[in-house]
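Student:
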Amino acid sequence: MIVEKFLQFGLSEKEISVLLALMSLGSSSASAVADKAGVNRGTTYDILRALHVQGLVSHYQHDTGRGTKQYFVAEPPEKILTAIEKKISDLGSLKTSFKESLPELESLYQKSGAKPVVKYYDGIAGVRFILDDVLETMEKAQDKKYFVYSSADIREYLYKAYTNFNRDRIKHKIANQVISFGKGGELAGLDERKWMSREHGAPTYILIYAGKLAMISIASNHEPVGVIVEDQGLYETQRMIFEFTWSKL
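Per the working numbering, the sequence shown starts with residue 37, numbered consecutively.
(1) Which value, in whole angstroms, describes the spacing of the CA atoms of G103 and I52?
(2) Measuring alpha carbon to alpha carbon, tell me which residue in V263, Q44, V39 is nearest G162.
(3) I'd like to confirm the pairing. Which residues does DSSP put opposite G46 in its beta bridges?
(4) Thinking C-beta only, is H88 closer than 7 Å to K106?
(5) Going by alpha carbons, who is nearest to A290 out of E49, V93, D126?
(6) Measuring only the C-alpha atoms, how far is L84 from E266?
(7) Let's test the definition: count the other Cβ atoms within 10 Å of the Cβ of Y198 and tell me whether it reaches 16, buried, or not, exposed.
(8) Excluding the five sequence neighbours on either side, which residues of its own chain have a C-beta within less than 7 Å of the C-beta of A68, listed in chain order?
(9) At what residue ranges does the region 131 to 196 contain a whole run of the alpha helix (DSSP H), taking only runs of 4 or more?
(10) Taking a contact to mean a Cβ-Cβ separation below 7 Å, would you say I252 touches Q274 in this structure?
(11) Touching or not, the region 109 to 118 and the region 220 to 235, by the rule of three or more beta carbon pairs under 8 Å?
(12) On the three-state DSSP scale, how would you describe I252?
(13) Given this structure, state the Cα-to-Cα distance separating W282 from I215, to the nearest angstrom.
(14) Expressed to the nearest angstrom, what Euclidean distance is found between the alpha-carbon atoms of F183 and K151?
(15) Kindly indicate which three-state DSSP category E235 falls into: helix, strand or coil?
(16) Identify, in the order they occur along the chain, each residue of the same chain with its Cβ nearer than 7 Å to the Cβ of V39, setting aside the five sequence neighbours on each side.
(17) Can you name the residues that DSSP bridges to A110?
(18) Could you give the distance in angstroms between the alpha-carbon of H66 and the alpha-carbon of R77?
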C-alpha cells in the first residue's frame, strides 16, 4: 500500500526502495543504504541527491577522524505532505505557464501540419460507431451542418446500424445537405437533398463533418467497412467540392 502511494506521488521503484531503506536504517552512508535497498551504489547516491531536492532526504558531513564522510537521513514522514503540496503548487505554476504559451504552440502545430488520423471500422457495430461520432462531433461544432454523398447501395446498412439516427440528429438540431445516388432517400427534417442519379447507386457513402471525413463501403464478404479521417485540410477541400457540386445541381 505504501509503495503504491509513493508510485502515485511520482517516485520510481528504485527511489522507493532507497527511501524506505533509509527510513529503516536511520542516519546512514550511501553505501549502507545501497546494500539495504539492493540498488547499485552509484545509482543510490544519485537517487539520494534527487530525494534531497524533493525535500524527502537530508544530508550532512560527519568527521570520522580520518576525514569527513557524507551521511543521509530521511525527513520525518509528515514532510511527504509538504512535498506533495509543493508538487501541486509547481504543477499549478506549470499549468499557468503553458496556458500563456498555448498561442505559440498552436501556431507551431498549425505550421507543421499535423498528420491525418485514420481509424478503421467494420461490421454493423463499426457503422454505428461512425454515426455516433457524427452526432457527437456535430453537437460540439459551432456550425451544426454536415454534408453527405448518400448511396442507395449503402443506406440500408446505416438504417440497420442506427434506426433512429435522424430522430436523434433532429433532436440535437443538427442539419445536413445530401447529394443522393440511387432511388429513395426521403427528407426527415433539418435536411436538404438533391440527386446526382436516381437510376444508379454508388459504391461508397461519404460524410463530411467538422474536420472529419467518413467513408462507408461494402467489403467482398458483403459486410460494411468504414474509415474516419481526421484532417482539417481534407475536410475543407471535400466541403468545397461538395458545395460546388451542390450549386450545380
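Glycine included, every Cβ here is placed at the ideal spot set by N, Cα and C.
This structure is a prediction, so every number in the text was calculated from the model and none was measured.
Tutor: Once the coordinates are examined:
(1) 31 Å
(2) V263
(3) For G46, which the question treats as bridged, DSSP gives no partner whatsoever.
(4) Per the sequence shown, the amino acid found at residue 106 is Gln instead of Lys. Against a cut-off of 7 Å, the Cβ pair of H88 and Q106 comes out as no contact.
(5) For residue 290 there is no data in the structure shown, the boundaries of the chain being 37 and 285.
(6) 47 Å
(7) buried
(8) L61
(9) 159 to 176
(10) no
(11) no
(12) strand
(13) 7 Å
(14) 23 Å
(15) coil
(16) I52
(17) V93
(18) First, the amino acid is wrong: residue 66 is Ala here, not His. Approximately 7 Å, taken between the alpha carbons.
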